[in-house]
Structures are given as C-alpha cells and as structure tokens.
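A.B. asks: Attaching a single structure in structure tokens format; questions to follow.
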Amino acid sequence: MASVFPLLHESLRDVLSTRLNWNDLREIQEHTFVAVSQGRHTLVIAPTAGGKTEAALIPVVNEIMRTGGTGVACIIISPLKALINDQEERVNAFCAPLGIDVQKWHGDVPRHERGWEQGEAPLVLMITPESLEVLLFEDHLAIDLRSVKFVIVDELHAFVETPRGVQLLALLDRITRSCAQPPCRIGLSATVGNPEGVISWLTGGKGAAGVVQVPALPKPRQFSFHMAEEEGDVPDTIARVVRGRKALVFANSRSEAESLAVQFPPNIGSCAVHHSSLAPALRKAAEEGFRSGEHTCIIATGTLELGIDIGDLDLVVQLGAPPSVSSFLQRMGRAGRRGETPHLASVLRSPCELLFLIGAIEAAQGKEVEWLNPPTAPYDVLVQQAFLLIVRRGRIARNRVVRDVLSLAPFRGISPGTLQRILDYAIERGVLISDEGVLMIGGALEEQLGIANWKDLFSLIPGGNQVPVMTSDGEEVGRLDVRFVQGRGGRGFPLGGQGWELTGVQQGSDSLTIVPAGALTGGVFWRGGGDVVSPLICRAVLRIVVRGGTLLPLGATCRDALSRAIKTLPSAMEEGQITCREEPTKNGPSIRVYTFQGARFNRVLALMIGDLLGKKVKVRYGGIAVVVHGRLGDDAVNRVAEAVAGCKSMSIGEVRAILPPPPRGTWKFSDLLPDEVREEMACADFYHLSNFAQTLRSLVVRTAEAVYSDADEPPRSLGPRPGQGEQA
Numbered sequence: 000m001a002s003v004f005p006l007l008h009e010s011l012r013d014v015l016s017t018r019l020n021w022n023d024l025r026e027i028q029e030h031t032f033v034a035v036s037q038g039r040h041t042l043v044i045a046p047t048a049g050g051k052t053e054a055a056l057i058p059v060v061n062e063i064m065r066t067g068g069t070g071v072a073c074i075i076i077s078p079l080k081a082l083i084n085d086q087e088e089r090v091n092a093f094c095a096p097l098g099i100d101v102q103k104w105h106g107d108v109p110r111h112e113r114g115w116e117q118g119e120a121p122l123v124l125m126i127t128p129e130s131l132e133v134l135l136f137e138d139h140l141a142i143d144l145r146s147v148k149f150v151i152v153d154e155l156h157a158f159v160e161t162p163r164g165v166q167l168l169a170l171l172d173r174i175t176r177s178c179a180q181p182p183c184r185i186g187l188s189a190t191v192g193n194p195e196g197v198i199s200w201l202t203g204g205k206g207a208a209g210v211v212q213v214p215a216l217p218k219p220r221q222f223s224f225h226m227a228e229e230e231g232d233v234p235d236t237i238a239r240v241v242r243g244r245k246a247l248v249f250a251n252s253r254s255e256a257e258s259l260a261v262q263f264p265p266n267i268g269s270c271a272v273h274h275s276s277l278a279p280a281l282r283k284a285a286e287e288g289f290r291s292g293e294h295t296c297i298i299a300t301g302t303l304e305l306g307i308d309i310g311d312l313d314l315v316v317q318l319g320a321p322p323s324v325s326s327f328l329q330r331m332g333r334a335g336r337r338g339e340t341p342h343l344a345s346v347l348r349s350p351c352e353l354l355f356l357i358g359a360i361e362a363a364q365g366k367e368v369e370w371l372n373p374p375t376a377p378y379d380v381l382v383q384q385a386f387l388l389i390v391r392r393g394r395i396a397r398n399r400v401v402r403d404v405l406s407l408a409p410f411r412g413i414s415p416g417t418l419q420r421i422l423d424y425a426i427e428r429g430v431l432i433s434d435e436g437v438l439m440i441g442g443a444l445e446e447q448l449g450i451a452n453w454k455d456l457f458s459l460i461p462g463g464n465q466v467p468v469m470t471s472d473g474e475e476v477g478r479l480d481v482r483f484v485q486g487r488g489g490r491g492f493p494l495g496g497q498g499w500e501l502t503g504v505q506q507g508s509d510s511l512t513i514v515p516a517g518a519l520t521g522g523v524f525w526r527g528g529g530d531v532v533s534p535l536i537c538r539a540v541l542r543i544v545v546r547g548g549t550l551l552p553l554g555a556t557c558r559d560a561l562s563r564a565i566k567t568l569p570s571a572m573e574e575g576q577i578t579c580r581e582e583p584t585k586n587g588p589s590i591r592v593y594t595f596q597g598a599r600f601n602r603v604l605a606l607m608i609g610d611l612l613g614k615k616v617k618v619r620y621g622g623i624a625v626v627v628h629g630r631l632g633d634d635a636v637n638r639v640a641e642a643v644a645g646c647k648s649m650s651i652g653e654v655r656a657i658l659p660p661p662p663r664g665t666w667k668f669s670d671l672l673p674d675e676v677r678e679e680m681a682c683a684d685f686y687h688l689s690n691f692a693q694t695l696r697s698l699v700v701r702t703a704e705a706v707y708s709d710a711d712e713p714p715r716s717l718g719p720r721p722g723q724g725e726q727a
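At position 601 of the sequence shown the residue is numbered 600 (numbering that gives the first Met the number 0), and the sequence of numbers has no breaks.
Okay, here's the thing in structure tokens:
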C-alpha cells in the first residue's frame, strides 16, 4: 500500500517529523488512517507498545486540523483514571504543538479543573465512563458534545464482559443521538480472541466497520523456568531471579502480592506493591518510583497489565501460571520494550503449575486468545440507567422511561415487561413514587444513593464489600474486605507491602484506623480475584496430556517435572470427553470428574452432581475437575459417572432451581431488582447456563481405571483450591 504520510495535513506532518523524528508511519497506523478516514468504525489490535494510541490519534488530529470547528471533537474513554493520567502526556505530544486543547476529567481531577467556560470546550476530552455519565448531567457542558466526531475507547477488552461495558454502550448511544452525524468509534486492544464479534458489539452492528490487525513480525522470546522446592522458598527464588535487574513481578491475586512483598529479601533493592485495593496515591507512587529508579521491583496483579507506563524494565516475572492467555500476552508485552528480547521468567511451586504455564504458552503460540462475551441480561445497568433518567428529569411519565431506556442499544433485546416489573418492585419498596403514571425518586432511593449528588448512582463498580483504612494522620492506605476486617483487632496483616493492625472505626465515617504492626500474624484476603485459570488454558493442558508432552524446549529438571504432572492425570483421555476416575486422598477414596472446561463450567456441574447424589457426599471443583467424596457405596466411580450422565438430561428449569444466588456484591444494583429478574440475570451472566448446557450436551462421559498411590492430596492446581466451591 502507498504511504499515507504525504496525505497528512502539513502541520501534522511537521510535528511528526520535527518533534517526533518520524518520516513515515507504521503499517498498523497506515491501515488505521485509511479505515478511519473512510468513515469506518475500527477495532485496532496490536501488541503492547505497538503504536495503537498513535494509530487512533493520527486520523483524528488530521481531521481536526483539516476541518477545525468548535466544541469537543474527540472523546477518549479509558477504563482507568491512572491510564488517563499516564496517556495525557502522550496525547498532548500530538495535540499541543498544533494548538489542539486536551482536557482530562475523572474523579481525581480537582473539581475546579473539570468543565469549561461556554465556547471554550477542549477539542479532545479524556474521560472515564463514570465521569462521562456525570458530564451528561451538566446541560451547559453536555451541549458541547454535539460536535463529537470520534470516540476512542482505550483498552477495549477491559470493558466488553463487564457492566461498565454495557454502560459504555448506553453512553455512546446517548451521545450519538445528539450529534449531527454518528461519531466514528475506534476501539484499541492488544488481545481479542473474537475481533469481529467485538467490533460488532462496539458499534451495535450499525455502520461500516472493520478490524485493523497487522500480524506481528516473528521475534525471539526468552522463557526461563525456576522451580521453588517449597512454598517458603518462593521469595528467595524470585529474589535470585530479579537481583541486579529492574523487574515487574506478577502475582495472580492481591493476597499473594501482599504476602510476597512483606517476605521479600531486603538486600535486592527497594520493592513496591501495586493492586486494585491500594489507595490511588500509593499505586501512583509505586509507578513513579519505578520510573525514577527508586524501586527496582514492583509486585503487581492485573492492574499493571494495561498500558500504564512504568518505564523500561529488564524482566517480567510470573509467579505460577497466568489466569488467561490474554493476561499472559499482556504481561509478556511489558518486557522487551527497548528493542531487547522479551524475557519472561516463571517461578513455579509445583509440576502442575508448570503444566498450566506451558498450556498458556502453547495456546499463545497457536494464536489462541480467549473470546470476549458481553452480558446478555444486563438488568443491573438497566435499572441504573432508568433511575438516572428519573433523577435528571425529576418527574417523568412511566411510559417515557420504558420507551427511552429500552431504545438504548444495549437494552433493545429486553422486553418492556421486564422493565415494568423492575419499576413495580421499586414502587413497592418506596424506591420510586408513582403519581398517576408519573415517576419520581422515593425516599428509600434518596437515602441509599442520593448522597453527594448521586455520586454512587453514576458508577457500576461494586464497592460495598470493602471498607477504606486510614492511618491516624488521615492518609488512606487502601481498602479491606469487610469479611476480613471482622475480628482482626490487634492482629497484624500486610497492606501496601507493610505490616498494619486495626485500631478502630473513625467517628463519623465508614473507614477504619490502622497503625503499624509490630508483627504479622497472618495474611490478608479480598473477595473475588484469585488464580482461577481460563477454560482455554485448561483445554490446552488437555492437549498436552493427550500428546504426552510439549514441543517447547525444556531443561532436564522441567521435563521431569512436566512428566510427573502428566502422570497424575488419566491416560488415554480425548478432547470432547468427561473422564471419571477413583483416586485416593487422606480421607479415603474420592471420585475425580475431569472436564478440562474451567471453573465456571465445573461450578455448575458440581452443584448438579451434588443435587443428584444427595447430602451424604461433598463436592468441590477447580479448573479441570470436580471432586466427589463421601459415602458413595460400592462401584462409586460408575455411580458418579451415571450422575454426570444424568446431568445431561436435566432441563434448564431443573438446573436453575438448584443454583444458589451469586455472592453479594457481584452486581452493584442487583438489590434493586425483583428476585425473579435477579435470578434470570444470574443464570445468564454469572452461571452462563445456556453455554454450559450446550457444552455439557456435547461431551461424552466415560470412566477410567482406578489409581492408587502414596499421595495423600490431589496435586496442587489440578484440583480445587482448599474450600473452593465446596458444598455439603
């Protein structure tokens, strides 16, 4: 394809060549320019540091320079406030020399710096979905969004499967209705397994759209594997790997990151910790400290998978197996950003973690990435959007609420009867008031969400299960799970890589006071997260087991460890099967039901098996298997196999009847829904019952030879984690 560089506006070419030393564009940027300039909605997929941001900005800035205009021309929507702060300088590098004003707006921006005077709207606005929701309530500002020509959604994959993604689509639809021409939607992502489906989701199937994805040139990657003999050896093993290097260490949970941080040997340099339950100021300090060289190591969770710039680093370390292929690729992409060979070092605590890691690597080499599946029954967002409409209008006809909300793109498949039931329930509870067909906000909703100008109603991010913790000087350190806080007085725990203990509740607030701890007496935990691996990795593991090994070049120690992990699993397995096998434990024989379908699938299967076999058995689940133990009688393995086969004949209604409600706090506004609507949402978007039933029907149930050995416990990571999914 001919170079598009000469086609750019002269002023833009001058900025690119004189300030950035560019004399041409990357292939991904050229293809994106052509697509966007032709008016096509575009999904841009490129690896980390692959030039996606610039690919989106170049056609936007070129159009602004070509046509001029007033009002906001481009909205850049990001999933993280920190990502906006990080990208602001990068965006300004393009825009400021051309006189294009850029403004950021999110909750951490001082209020006096948000907004603008009439006629002085920024041409480029960087914002989160929650702040965009607030902006649309400001009529004197929202009027400047009528001029929007482009919407760029950064890190699009972080939105698709969440309620925030549904809110994003509703916001885009509301903005589009006020514009003379539908804005061009540009999504940016490094990893998407079903790009055509994702661009269709972003656009609602309307308008010309396409995917720009330039295959990455093959380049060497360095993997190293380090086995820790015991759990307690992990900090020293990682310390040996990172000594003398700037390293980013990924843990798979906040608890794991905190535990590792406080055990890290002090003689390797300064170490920081970074995860979602730390105060924003501490996360920012960790990023800046690493960039400046103050810290030589950051221990992080998925919060640093996204494109936040922490400067150059020498090494990425993965503790255990990554939770998904997408995470693996994002983490791998953080290394090798100075033109050097990307190096991912893995520290593993068992042969089984090695098996799962190799599964992730093989899937990535085969260009497999998890598909993104948006919610299909987003009733929590539906009720939020309905209440926001009523709050804004003060008084509004009930029929108008139903018509306006259900006309938004993400809700067009929802029946009017469902929203009518939600409104009836709200009226019964005093959440809404109805006066001859006109709806108003009721006292119950005002009390629950009306504080601080309805701040809590603008956001779909759950927060009810965590409580802020503050030092005696009033500095926020982070947030703790409410369940963890109960009964922790006087006991030390790690947070932010330091030891603390609780002293009491601050008067007049919902926060807790903490003071430095003399000694740690245990770890810390939060609801959610953890090391549940994706079904894609589980299926990749099955292929390795069926094959009897891997094609990756491994050293003798790792080859032996992998062989031992494979030997713990049934032989002669095949894809498309469920294999039941009797195995020993310290509490007697158990039946292990191997599915390799992931924890989400196995959670439902475990509930069904437990229901069919009765209260005399206990059932647990993990990523690749369901474990059944208890009084099963003679021929236990066949009895369990028959139960699994019986699950295939259960109707959707029968399965729904045995599914417990999801954990409280799964959705922020689910308490505002009637029971039957909340149950429908749980079946669709928590248990994914339709996909489960389709998959289960496709699998053949078989039994395998019983295996007896000296092992007392199932191998680490192959079975359920202790207590996970256990039911009586």
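For every residue, glycine included, the Cβ atom is placed at its ideal position computed from N, Cα and C. These figures come from a predicted structure and were not determined experimentally.
With 16 other CB atoms within 10 Å as the buried threshold, where does C178 fall?
C.D. replies: If you number the sequence shown from 1, residue 178 lands on position 179. It counts as exposed.
A.B. asks: On a Cα-Cα basis, can you pick out the residue from E475, H156, V514 and D472 that is closest to F492?
C.D. replies: As a working mapping, residue 492 is identified with position 493 in the sequence shown. Nearest of E475, H156, V514 and D472 to F492, Cα basis: V514.
A.B. asks: Quick check: the Cα distance between V59 and F149, rounded to an integer number of angstroms?
C.D. replies: As a working note, residue 59 is residue 60 in the sequence shown. As a working note, residue 149 is residue 150 in the sequence shown. Going from the Cα of V59 to the Cα of F149 covers about 7 Å.
A.B. asks: Looking at Q384: is its Cβ nearer than 8 Å to the Cβ of A681?
C.D. replies: For the purposes of this step, residue 384 is taken as residue 385 along the sequence shown, with counting starting at 1. For the purposes of this step, residue 681 is taken as residue 682 along the sequence shown, with counting starting at 1. No, these two residues do not count as a Cβ contact at 8 Å.
A.B. asks: Would you say L672 lies against chain B (beta-carbon separation less than 8 Å)?
C.D. replies: Among the chains of the structure shown, chain B does not appear; only one protein chain is present.
A.B. asks: With respect to the alpha helix (DSSP H) encompassing H342, which residues constitute its N-terminal and C-terminal limits?
C.D. replies: Along the sequence shown, one-based indexing puts residue 342 at 343. Not the alpha helix (DSSP H): H342 falls in the beta strand (DSSP E), residues H342 to L347.
A.B. asks: Over the uninterrupted beta strand (DSSP E) stretch that includes K617, give me the two end residues.
C.D. replies: The residue given as residue 617 occupies position 618 in the sequence shown. Residues V616 to Y620.
A.B. asks: How long is the line joining the alpha carbons of M64 and L371, rounded to whole angstroms?
C.D. replies: As a first step, residue 64 must be located in the sequence shown, where it is residue number 65. As a first step, residue 371 must be located in the sequence shown, where it is residue number 372. The straight-line gap from Cα to Cα measures roughly 36 Å.
A.B. asks: Let me check one thing: in DSSP terms, what residues is I440 bridge-paired to?
C.D. replies: By 1-based counting over the sequence shown, the position of residue 440 is 441. DSSP output for I440 lists L431 as bridge partner(s).
A.B. asks: Can you tell me whether DSSP reads P182 as helix, strand or coil?
C.D. replies: By one-based count along the sequence shown, residue 182 stands at place 183. Of the three classes helix, strand and coil, the one that applies to P182 here is coil, per DSSP.
A.B. asks: Go through the segment 291-327 residue by residue and report every complete run of the beta strand (DSSP E) that reaches 3 residues or more, in order.
C.D. replies: DSSP assignment within the segment 291-327 yields the following whole beta strand (DSSP E) runs of 3 residues or more, N-terminal first: 296-299 and 314-318.
A.B. asks: How would you write the range of the alpha helix (DSSP H) that D480 sits in, first residue to last?
C.D. replies: Counting from one through the sequence shown, the residue named residue 480 turns up at place 481. That residue, D480, is in no alpha helix (DSSP H); its beta strand (DSSP E) goes E475 to D480.
A.B. asks: Within the chosen definition, does the segment 694-701 reach the segment 574-584 through at least 3 CB pairs nearer than 8 Å?
C.D. replies: yes
A.B. asks: Could you work out which residue in L511, D472 and G477 is closest to R487 when comparing CA atoms only?
C.D. replies: Residue mapping note: residue 487 aligns to position 488 of the sequence shown, counting from 1. Closest option to R487, Cα to Cα, is L511.
A.B. asks: Near V390, what residues of its chain come up, given a Cβ to Cβ distance below 8 Å and the 5 sequence neighbours on each side ignored?
C.D. replies: Along the sequence shown, one-based indexing puts residue 390 at 391. Taken in chain order, the residues that qualify are I440, W453 and L456.
A.B. asks: Measure the Cβ-Cβ separation of L407 and P415 and say whether it is below 8 Å.
C.D. replies: Here the question's residue 407 lines up with position 408 in the sequence shown. Here the question's residue 415 lines up with position 416 in the sequence shown. Contact flag unset, no.
A.B. asks: So N601 and V625 are in contact, right, with Cβ under 8 Å, and what is the actual spacing, rounded?
C.D. replies: Indexing the sequence shown from 1 puts residue 601 at position 602. Indexing the sequence shown from 1 puts residue 625 at position 626. With 8 Å as the limit, N601 and V625 qualify as a contact, their Cβ atoms being about 5 Å apart.
A.B. asks: Hey, D311 and K245: beta-carbon distance below 8 Å or not?
C.D. replies: Locating residue 311 in the sequence shown gives position 312, counting from the first residue. Locating residue 245 in the sequence shown gives position 246, counting from the first residue. Yes.
A.B. asks: Of the residues A635, G67 and G164, which one's Cα is nearest the Cα of E581?
C.D. replies: Residue 581 sits at position 582 when you count from the first residue of the sequence shown. Minimum Cα distance to E581 is reached at A635.
A.B. asks: Among I608, V3, E229 and H225, which one has its Cα closest to the Cα of F32?
C.D. replies: For the purposes of this step, residue 32 is taken as the residue at position 33 of the sequence shown. Cα-wise, what sits closest to F32 is V3.
A.B. asks: When you compare the segment 631-645 with the segment 602-611, are there three or more beta-carbon pairs, one atom per stretch, that lie closer than 8 Å?
C.D. replies: yes
A.B. asks: Quick one, are the C-beta atoms of P182 and V152 less than 8 Å apart?
C.D. replies: In the sequence shown, the residue the question calls residue 182 occupies position 183. In the sequence shown, the residue the question calls residue 152 occupies position 153. Cβ atoms of P182 and V152: not closer than 8 Å.
A.B. asks: Applying the criterion that 16 or more other CB atoms from any shown protein chain within 10 Å of the CB defines a buried residue, is E446 buried or exposed?
C.D. replies: Within the sequence shown, numbered from 1, the residue matching residue 446 stands at position 447. E446 should be labelled exposed.
A.B. asks: Are T202 and S252 touching if we call contact CB-CB under 8 Å?
C.D. replies: Within the sequence shown, the letter at position 203 stands for residue 202. Within the sequence shown, the letter at position 253 stands for residue 252. No, they are not a contact pair.
A.B. asks: Figure out for me which residue from G292, A425 and P374 has the closest Cα to the Cα of P673.
C.D. replies: On the sequence shown, position 674 is the one that residue 673 refers to. Ranking G292, A425 and P374 by Cα distance to P673 puts A425 first.
A.B. asks: Tell me which residues share the same chain as Q419 and place their Cβ nearer than 7 Å to its Cβ, disregarding the 5 neighbours each side in the sequence.
C.D. replies: Sequence index remark: in the sequence shown, residue 419 carries index 420 (1-based). Excluding the 5 residues flanking it on each side, Q419 has same chain C-beta neighbours closer than 7 Å at V401, in chain order.
A.B. asks: Going along the chain, which residues of its own chain have a beta-carbon closer than 7 Å to the beta-carbon of H8, five neighbours each way excluded?
C.D. replies: Within the sequence shown, residue 8 is the residue found at index 9, counting from 1. Answer for H8: N61, M64 and R65, listed in chain order.
A.B. asks: Let me confirm a value: K218 is counted as buried when at least 16 other C-beta atoms fall within 10 Å, else exposed. Which label applies?
C.D. replies: On the sequence shown, position 219 is the one that residue 218 refers to. By the 10 Å Cβ count, K218 comes out exposed.
A.B. asks: Between which residues of its own chain and R428 is the CB-CB distance below 7 Å, once the five residues before and five after are set aside?
C.D. replies: Walking along the sequence shown from the start, residue 428 turns up at place 429. For R428, where only same-chain residues beyond five positions count, the Cβ hits under 7 Å are A443.
A.B. asks: Measuring alpha carbon to alpha carbon, tell me which residue in F222, A215, Q212 and A260 is nearest V233.
C.D. replies: Mapped onto the sequence shown, residue 233 falls at position 234. Considering only alpha carbons, the answer is A260.
A.B. asks: For W499, which residues from the same chain have a beta carbon less than 8 Å from its beta carbon, with the 5 sequence-adjacent residues on both sides left out?
C.D. replies: Working through the sequence shown from its first residue, we reach residue 499 at position 500. Within the same chain, W499 has close Cβ partners V468, V476, G491, F492, P493, I513, V514, P515 and A516.
A.B. asks: Under the three-state reduction of DSSP, which class applies to L387: helix, strand or coil?
C.D. replies: The sequence position of residue 387 within the sequence shown is 388, counting from 1. Correct three-state label for L387: helix.
A.B. asks: Taking Cβ positions, are P265 and D107 nearer each other than 8 Å?
C.D. replies: Residue 265 sits at position 266 when you count from the first residue of the sequence shown. Residue 107 sits at position 108 when you count from the first residue of the sequence shown. Against a cut-off of 8 Å, the Cβ pair of D107 and P265 comes out as no contact.
A.B. asks: Measure the CB-CB distance between F362 and V324 and report whether it falls below 8 Å.
C.D. replies: What you label residue 362 is simply residue 363 of the sequence shown in a count that begins at 1. What you label residue 324 is simply residue 325 of the sequence shown in a count that begins at 1. Phe is not the amino acid found at residue 362; the sequence shown has Ala there. Yes, the pair counts as a contact, with Cβ atoms nearer than the cut-off.
A.B. asks: Indicate the three-state DSSP secondary structure (helix, strand or coil) for P58 in the structure shown.
C.D. replies: For the purposes of this step, residue 58 is taken as residue 59 along the sequence shown, with counting starting at 1. DSSP places P58 in helix when its eight states are reduced to three.
A.B. asks: In whole angstroms, what is the alpha-carbon distance linking P55 and V165?
C.D. replies: What you label residue 55 is simply residue 56 of the sequence shown in a count that begins at 1. What you label residue 165 is simply residue 166 of the sequence shown in a count that begins at 1. In the sequence under discussion, the amino acid at residue 55 is Ala, which differs from the Pro named in the question. About 23 Å.
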